[in-house]
C-alpha cells in the first residue's frame, strides 16, 4: 500500500493530488489566468504558484482526511517545464519531505500524464499521443522506456493554439484552447492552411505564421511586396479557429496512425491539455475505428496538468523500488520522456 | 562546472537566523540543491553556523547579484512559510502530528 502526495506546477496550473493504491483521495488545482492577448510569463506564474501552493497542500490533506504520517512518499515534477514555477513545487516538496521525514521522488511530467491516462482509462499498452502547451509527442512503450516515435520539431500544438488565441484576443479563461474549440463549433468554412507532417514528426510554426497573416493582414507589411489589390478576405474568427483545428488535428491523427502501424498497436491514448478537445478526440476515434482499434481519453480533471498524475506516477516508481537521494531533488527545464527507466512495468 | 568569477567580484553575505538548528538545517538542505543558472555568472555558497544560515553571493555584475538575491529570498520565504504552516512547532495543529509518528506509516484505514 503506497500513499503518495504529488505536487505539479510546471506551467500555469498548480495542483496537489493524493492517491493511494490507484484510489483518488484528493485532487485540487488552481490556474493562473492572464488577460486576453497575453501569455503567462515564468516570473508572474511562479508568484501565483507561491501564493496558492500551501493552501492547496492543506486543503488536499483535509479532503483526503489524512495526517502527514499517513503519507509514504512525496512527489514533485522534476521537469520538463518552466524553471521558476517548477522550483516552487520542488522547494515545497523538499521542505515537507524533511519536515515529515518522508521519502522524496522527482517525476517526469510526461510520464505523469501517461500513467494517469493508463490508470483512469484502463488502457494497457496504447500508442500515446501527448499533446499540450509545452509538449507534442507520439510515444509507445518498449523495453523499459517510453519511446518517442514522433514529435514536434518546433512549437507544441497547444502553444500554437494558445498563441493564435492571443492574436485574435480570445479570453484565457478557462483556457485559450477551450475558447478556440467553442468558436470553431460555429463554423464549417474551411480555409486551406499549410499541412506540415514530416514522416513521424510535425511542425507548427509555419501554420501559426500563415494564419497570423490571415487574421491580421495589415500587420507586418511586407515592404518588398508590390502594392497589390487587397485580397478579398472575409474570414471570421470562427472560420480561422475551425480551419486551424481541422488542419493541426489531422496532422496529429496522421502521425499517430503511422506509429500504430509501426508498432502493430490497437489502442490510442490521448493525454495532455489538448487531449480535452472533443474535436481531436472525434477525429482520432474515427481513425481508430477504421483500423479496428479503440481510443482512450480522459476528461479535464486528468487531461489538464494536475498533482494527482505526479502522485500516481511517483507511487508506481516508489512501489517498484525507485529511490532518489535528496541531493538529486533539483529541477530541470528539459527532461526527455525516454530518459526515465520504467521499472514498474514488466511487459 | 562553476563559472569563473572576476578577481574583484561584487559580493554579498546574508545571514538568516532560525528558531532552531534543525530548521536552519532544513532550509540549508532545501535551498542548497539548486545551482544558479549558468549564464547569470553568479556563485552562491551556503553554510551553517548553528541556527544561522549563511549565504555568500559572488557575481561579476551588480544586476546579476541583485537578481540572484531576489530569487533566493523568494525561495527562502516559501521554505519558511512551509515550515511555519506544516512544521511541528505549530501549536494549534490543524494537521496533528507527534514525534512518535515520525518515520512510521501507520494507517487506521482498512485496505
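Chains as they are written, first to last, in the UniProt record's numbering: chain R, 1 to 347; chain C, 1 to 111. Glycine residues also receive a C-beta, built at the ideal position from the N, C-alpha and C atoms. Remember, predicted model here, so these are calculated numbers, not experimental data.
Assumed close pair residue i, residue j - CB separation to whole angstroms, cut-off 8 Å
i	j	result
residue 9 of chain R	residue 89 of chain R	4 Å
residue 126 of chain R	residue 268 of chain R	6 Å
residue 310 of chain R	residue 30 of chain C	The pair is not a contact, with the Cβ atoms about 19 Å apart (cut-off 8 Å).
residue 308 of chain R	residue 24 of chain R	6 Å
residue 97 of chain R	residue 74 of chain R	5 Å
residue 255 of chain R	residue 150 of chain R	5 Å
Closer than 9 Å to chain C by CB, residue i
i	result
residue 107 of chain R	no
residue 327 of chain R	yes
residue 58 of chain R	yes
residue 286 of chain R	no
residue 88 of chain R	yes
residue 320 of chain R	no
residue 207 of chain R	no
residue 118 of chain R	no
residue 50 of chain R	yes
residue 330 of chain R	yes
residue 53 of chain R	yes
residue 91 of chain R	yes
Contact set for residue i: own chain, Cβ-Cβ below 6 Å, skip 5 residues either direction
i	result
residue 20 of chain R	3
residue 27 of chain C	53 and 79
residue 245 of chain R	184 and 279
residue 44 of chain C	36 and 57
residue 272 of chain R	113, 130, 131 and 132
residue 189 of chain R	239
residue 287 of chain R	253 and 257
residue 162 of chain R	133 and 176
residue 241 of chain R	180, 183 and 184
Euclidean distance between Cα positions of residue i and residue j
i	j	result
residue 64 of chain C	residue 327 of chain R	25 Å
residue 30 of chain R	residue 44 of chain R	14 Å
residue 25 of chain C	residue 59 of chain C	25 Å
residue 35 of chain C	residue 40 of chain R	24 Å
residue 217 of chain R	residue 201 of chain R	29 Å
residue 345 of chain R	residue 289 of chain R	27 Å
residue 139 of chain R	residue 69 of chain R	37 Å
residue 104 of chain R	residue 130 of chain R	26 Å
residue 213 of chain R	residue 42 of chain R	28 Å
residue 209 of chain R	residue 313 of chain R	37 Å
residue 100 of chain R	residue 66 of chain R	13 Å
residue 123 of chain R	residue 82 of chain R	30 Å
residue 41 of chain C	residue 260 of chain R	47 Å
residue 301 of chain R	residue 73 of chain C	34 Å
residue 22 of chain R	residue 347 of chain R	19 Å
residue 63 of chain R	residue 120 of chain R	20 Å
residue 324 of chain R	residue 1 of chain R	19 Å
residue 294 of chain R	residue 51 of chain C	60 Å
residue 152 of chain R	residue 87 of chain C	44 Å
residue 299 of chain R	residue 285 of chain R	15 Å
residue 102 of chain R	residue 23 of chain C	16 Å
residue 38 of chain R	residue 275 of chain R	23 Å
Close beta carbons around residue i, own chain, < 8 Å, minus the five adjacent residues each side
i	result
residue 13 of chain R	29, 30, 31, 32, 304, 305 and 306
residue 115 of chain R	309, 312, 313 and 316
residue 53 of chain R	7, 9, 14, 16, 88, 89 and 92
residue 61 of chain C	10 and 41
residue 144 of chain R	341, 342, 343 and 345
residue 193 of chain R	207, 210, 211, 243, 244 and 247
Short CB-CB distance (under 9 Å) between residue i and chain R
i	result
residue 33 of chain C	yes
residue 62 of chain C	no
residue 29 of chain C	yes
residue 51 of chain C	no
residue 86 of chain C	yes
residue 74 of chain C	yes
residue 17 of chain C	no
residue 82 of chain C	yes
residue 77 of chain C	yes
residue 9 of chain C	no
residue 103 of chain C	Legend: pLDDT at residue 103 of chain C = 40, less than 50; position of this residue unreliable, value from coordinates given subsequently. At least one chain R Cβ lies under 9 Å of residue 103 of chain C.
residue 21 of chain C	no
residue 26 of chain C	yes
Contacting residues, own chain, Cβ-Cβ under 7 Å from residue i (five flanking each side not counted)
i	result
residue 78 of chain R	106, 107, 108, 331, 332 and 335
residue 337 of chain R	108, 110, 111, 137, 139, 146 and 148
residue 36 of chain R	169, 170, 171 and 172
residue 32 of chain C	46
residue 249 of chain R	279, 280 and 283
residue 277 of chain R	177 and 181
residue 167 of chain R	212, 215 and 216
Cβ-heavy atom distance, residue i to the ligand NAP, below 8 Å
i	result
residue 65 of chain R	The ligand NAP is absent from the structure shown, which contains no ligand whatsoever.
query = What are the start and end residues of each continuous alpha helix (DSSP H) run of 4 or more residues lying completely inside the segment 283-341 of chain R, in chain order?
reply = 300-303 and 307-319
key: Entirely enclosed alpha helix (DSSP H) segments - the segment 78-151 of chain R, minimum 4 residues   = 83-100 and 109-121
task = May I have a chain-ordered list of the alpha helix (DSSP H) segments no shorter than 4 residues that lie completely inside the segment 180-222 of chain R?
result = 205-215
ask   = Which runs of the alpha helix (DSSP H) fall wholly inside the segment 230-272 of chain R and span at least 4 residues, in chain order?
value = 237-263
ask   = Mind pulling the beta strand (DSSP E) runs of 3 or more residues that sit fully within the segment 50-80 of chain R?
value = 73-79
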